[in-house]
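Reviewing the structure listed below.
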Amino acid sequence: MFLGDGSTRHGPRSPGSDDERSGPFDSLVHTLLATADVEGLLGLDAGLAHELGAQGRAAWQVLAGVPGPWRSLGAEFFAPFGVGYHVAVWERP
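Numbering (the working numbering), first residue to last: 626 to 718.
Have a look at this one:
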């Protein structure tokens, strides 16, 4: 099980102010975590993640670098207070 912060820019009262790119970014991250897509995680745009305040990017890339194969048991995404939080569980098949 692991977690990581997504964008801090979901909505006008978010810590980083609203950014329309935050929804698609966190949706992509959720899909990558839910499908254990290590190549996708390694390919996340570091510049965009930085602009959106997504501090979890580095941790997701470290996770993706651990030799697999991996299977996702599930992933969840929450964005209270305008900050995205990703939680996922992976296991070796």
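Just so it is clear, CB atoms sit at the ideal spot from N, CA and C, and this is done for glycine as well.
Keep in mind the model is a prediction, meaning the values are calculated, not measured.
Chain-order list of residues whose beta-carbon lies under 7 Å from that of residue i (same chain, five-residue window excluded)
{"i": "S642", "result": "R634"}
{"i": "E655", "result": "Per the sequence shown, residue 655 should be read as His rather than Glu. Correct list, in chain order: A700, F702, H711."}
Same chain, Cβ closer than 6 Å to residue i, five either side skipped, listed in chain order
{"i": "L657", "result": "G665, L666"}
{"i": "R682", "result": "L669, A674"}
{"i": "A659", "result": "S697, A700"}
{"i": "A689", "result": "V663, L666, L667"}
{"i": "A704", "result": "H635"}
Reference residue i, options the options, closest by Cα
{"i": "A720", "options": "G693, G707, V712, G636", "result": "In the structure as shown, the chain begins at 626 and stops at 718. Residue 720 is therefore absent and cannot be evaluated."}
{"i": "G709", "options": "S632, F627, L688, P692", "result": "S632"}
{"i": "L629", "options": "R646, P649, A679", "result": "Inspection of the sequence shows that residue 629 is occupied by Gly rather than by Leu. Closest option to G629, Cα to Cα, is A679."}
{"i": "W715", "options": "F703, G699, A704, F706", "result": "G699"}
{"i": "G636", "options": "S647, F627, M626", "result": "S647"}
{"i": "E645", "options": "P694, F627, A671, E676", "result": "E676"}
Cβ shell of residue i (< 8 Å), same chain only, five flanking positions each side left out
{"i": "Q686", "result": "L666, L667, L669"}
{"i": "R696", "result": "A661, W715, E716, R717, P718"}
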